[in-house]
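Asker: Before I ask anything, here is the structure I am working with.
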Amino acid sequence: MSIGVGINENVYISAVELDSNNYLNIQFKQKSDIANPFEALQADDVIDAKDTLDVKLFAPTPRKNDDGKFTEAKLVDFVTTDINKTKGIIQHLLAGYVPKEQYAIGKAIFDGCGMDATNYAERLLNKDVMLQIHKNLSNHLISVLRPFIGDSTKLFRLLLIRTSKDKHFATFRSTRLEENPFWEDMDVPKEASKLAFSAYEIKEGLNDGTPSSRTESADKPKTEPANTMTAASVFGGQ
Amino acid sequence: MSFLSFLTTAGVEEVKASTKRPGGGKAKQWNPAATVLAIRLWKDGSVFPSQALADKFDLEYRTATVEKVPLPLKDGQTEEERKFKNNYYWVSGPGNGFDVIDSRLWPGYKAEGHMLFIAPVQKDQKRVDLFGGVLYDDNGTPKNSVMDQGSPSYGKEVLLTAVKELYGIELGAEREYVDLVVFSDFGGIDITEKFSAPLALFPKRIVKGDDKGGTDVIRREKAQVFGFVPAEILNPGAVVEDTTTEYSAEEVAEAASDIFKA
């Protein structure tokens, strides 16, 4: 039993961290009747001990525009779209646990960005501001999620898609999440589940987690996380 | 007088022909007695709230502010022929309707017995079962009061069957209606506290399309859940003509304990 591209059942969030590379790592774990590796090795069948999966969310990066191909408005649009995708994913995850008044980040998304209505476009295209927004979103997820991290009594059904045709890593879909959610409470009867691959995802092969011929190492982050920020390190406990 | 004091007198007052359904028809008392918290379900599926219920849960349709949004012109259509779509806004909110929850279909429901529950929900939310919408005129005035609208669709498609299956009450020629009481406290059980949660998944019957007859769920936040049970089950001695007998909360609890084993 392992988590990957497809619809995964009996899943919960077992860890969340913003690592030293500013990757937001969300770790999912699948609840199993087998309690631990000790039991797994004694089981009649060979049980894949890898029952967790980290899904990463990245900070937006500035578009290259050396030739001046894009207007400032277009560049702002690109960044806004990227941020909205991350915000949508984070709020969608949190909506599984808390009401909107708790999962909505509101104005806190711009904390520490020195941003107001008059300098919005200029500031948004600043790389440091993009990173700060990503940190704000990440910390919002970590802080709201903290009481629920590792809670294996509240289980979810989780749909993960392939990152792209070239990259087989499992990730979240990021648009129209209200109509096309990527996770839902396991209390939703299977026959009433709203989780399904879209026609587009199937056409593009995003429902297939088979590794491509390209080497995996090309897709992996170049550096390993060093110091990590976890809910426990930020808030204590755990 | 507490909100729950109605439980001791839950029942149905004698039918007196006093009002007339809008649009004509046989004069009937379409609504339950004004002071009980109840909904009257008729044999054709139409539903009518009591005045107390409409007041307590803010069910009445409010005058809306209307914004006329021009629709794109179609080929050959002139400016004079342009059509408009009305968008409606409510300064102080749209008011509430109800979700009806059949415990047999409710994900996560854990109890030995089954019954109906009800939960107020803002009218502008998706898939509100009862009192969710009304037609408006061009000035934003509702064409009906919630007291006399009597929409039959949900009752016909879902509620009549549920009341028959869960409570054994079949409406027809011999019996035209049943009053379903909305209550929270029952024999020491705080139903609202026991069954409400910050997040809820309520079951919804699918009433059209390929999946008609199946069950769907909808996510609700901070829903306050109430019991939704025929008056005669809550108050077993009550009959249609009886307006005087009162029952203690203990008598009510004892008589209907078989449906509350949660």
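Those protein sequence lines, which keep their order, are chains R and X.
Quick note: the first sequence uses my numbering, first residue 1, plus one each step.
Quick note: the second sequence uses my numbering, first residue 1001, plus one each step.
Idealized CB from N, CA, C, for every residue including glycine.
1. Residue ranges of each alpha helix (DSSP H) run of no fewer than 4 residues wholly in the region 1103-1165 of chain X, ordered along the chain?
2. Below 7 angstroms on C-beta distance, what does R:Asp187 contact in chain X?
3. Give the straight-line distance between the Cα atoms of X:Lys1110 and X:Leu1116, rounded to the nearest whole angstrom.
4. With a floor of 4 residues, list each alpha helix (DSSP H) that falls wholly inside the region 146-223 of chain R, ordered by position along the chain.
5. To the nearest angstrom, report how far apart X:Lys1194 and R:Ala170 are at their CA atoms.
6. Does the beta carbon of R:Glu243 sit closer than 8 angstroms to a beta carbon anywhere in chain X?
7. Residues in the region 1066-1082 of chain X with C-beta within 8 angstroms of chain R's C-beta atoms, listed in sequence order?
8. Buried or exposed, going by whether 16 or more other CB atoms sit within 10 Å of the CB of X:Pro1120?
9. In the DSSP assignment, what residue or residues form a beta bridge with X:Trp970?
10. Which same chain residues end up closer than 7 angstroms to R:Arg63 when comparing Cβ atoms and leaving out the 5 residues on each side of it in sequence?
11. Residues in the region 90-124 of chain R with C-beta within 9 angstroms of chain X's C-beta atoms, listed in sequence order?
12. At a CB distance below 7 angstroms, what residues from the region 171-196 of chain R approach chain X? Give them in sequence order.
13. Report the residue from X:Ala1064, X:Thr1063, X:Phe1084 and X:Glu1067 whose alpha carbon sits nearest the alpha carbon of X:Leu1073.
14. Evaluate X:Leu943 with the Cβ neighbour count: other Cβ atoms within 10 Å of its Cβ, from every protein chain shown; 16 or more gives buried, anything less gives exposed.
15. Is there at least one Cβ from chain R nearer than 8 angstroms to X:Thr1215's Cβ?
16. Closer than 7 angstroms by beta-carbon distance: list the chain R residues that pair up with X:Glu1221, in chain order.
17. Can you have a look at X:Ser1050 and say buried or exposed, based on whether 16 or more other CB atoms are within 10 angstroms of its CB?
18. Under the rule that 16 or more other beta-carbon atoms within 10 Å means buried, what is R:Ala59, buried or exposed?
19. Would you decide whether R:Arg162 is buried or exposed? Buried here means 16 or more other CB atoms lie within 10 Å of its CB.
20. According to DSSP, which residues form a beta bridge with X:Phe1202?
21. So, R:Asn8 versus R:Leu124, is the Cβ gap smaller than 8 angstroms?
22. Rounding to the nearest angstrom, what Cα-Cα distance links X:Ile1189 and X:Phe1226 in this structure?
23. Does R:Glu101 come out as helix, strand or coil in the three-state DSSP assignment?
24. Apply the 10 Å Cβ neighbour rule to X:Asp1055 and answer buried if 16 or more other Cβ atoms are within range, or exposed otherwise.
25. Could you tell me the boundaries of the beta strand (DSSP E) in which R:Glu17 lies?
26. Between X:Pro1120 and chain R, is there a C-beta pair that is closer than 8 angstroms?
27. By Cβ distance, which residues of its chain are closer than 6 angstroms to R:Arg173, with the 5 residues on each side in sequence left out?
28. May I ask you to report which of helix, strand or coil DSSP gives R:Leu141?
29. Going along chain R, which residues have a C-beta under 7 angstroms from X:Pro1094?
30. Can you name, in chain order, every residue of its own chain whose Cβ lies under 6 angstroms from the Cβ of R:Gly6, other than the five neighbours on each side?
31. For X:Gly1097 and X:Leu1130, what's the separation of their Cα atoms in angstroms?
32. At the level of alpha carbons, what is the spacing between X:Ile1101 and R:Tyr120?
33. Helix, strand or coil for X:Lys1068 per DSSP?
34. Is there contact between the region 99-106 of chain R and the region 13-24 of chain R, where contact requires at least three CB pairs shorter than 8 angstroms?
35. Using the C-alpha atoms, what's the distance from X:Trp1106 back to X:Arg1175?
36. Considering only C-alpha positions, which residue in the set X:Glu1067, X:Val1158 and X:Leu1159 is nearest to X:Gly1140?
Answerer: Short version:
1. none
2. Pro1107, Gly1108 and Leu1201
3. 14 angstroms
4. 199-203
5. 39 angstroms
6. In the structure displayed, chain R extends from 1 to 238; residue 243 of chain R sits before or after that span and is not available.
7. none
8. buried
9. This structure leaves residue 970 of chain X out entirely; chain X is present only between 1001 and 1262.
10. Phe70, Leu75 and Phe78
11. Ala95, Gly96, Tyr97, Val98, Pro99, Lys100, Glu101 and Gln102
12. Asp185, Asp187, Val188, Pro189, Glu191 and Ala192
13. X:Phe1084
14. No answer is possible for residue 943 of chain X: it lies beyond the span of chain X, which begins at 1001 and ends at 1262.
15. yes
16. Pro99 and Lys100
17. buried
18. buried
19. buried
20. X:Ile1218
21. no
22. 11 angstroms
23. helix
24. exposed
25. Gly6 to Leu18
26. no
27. Ile161 and Phe182
28. helix
29. Correct list: empty, because the minimum Cβ distance to chain R is about 17 angstroms.
30. none
31. 6 angstroms
32. 46 angstroms
33. strand
34. no
35. 29 angstroms
36. X:Glu1067
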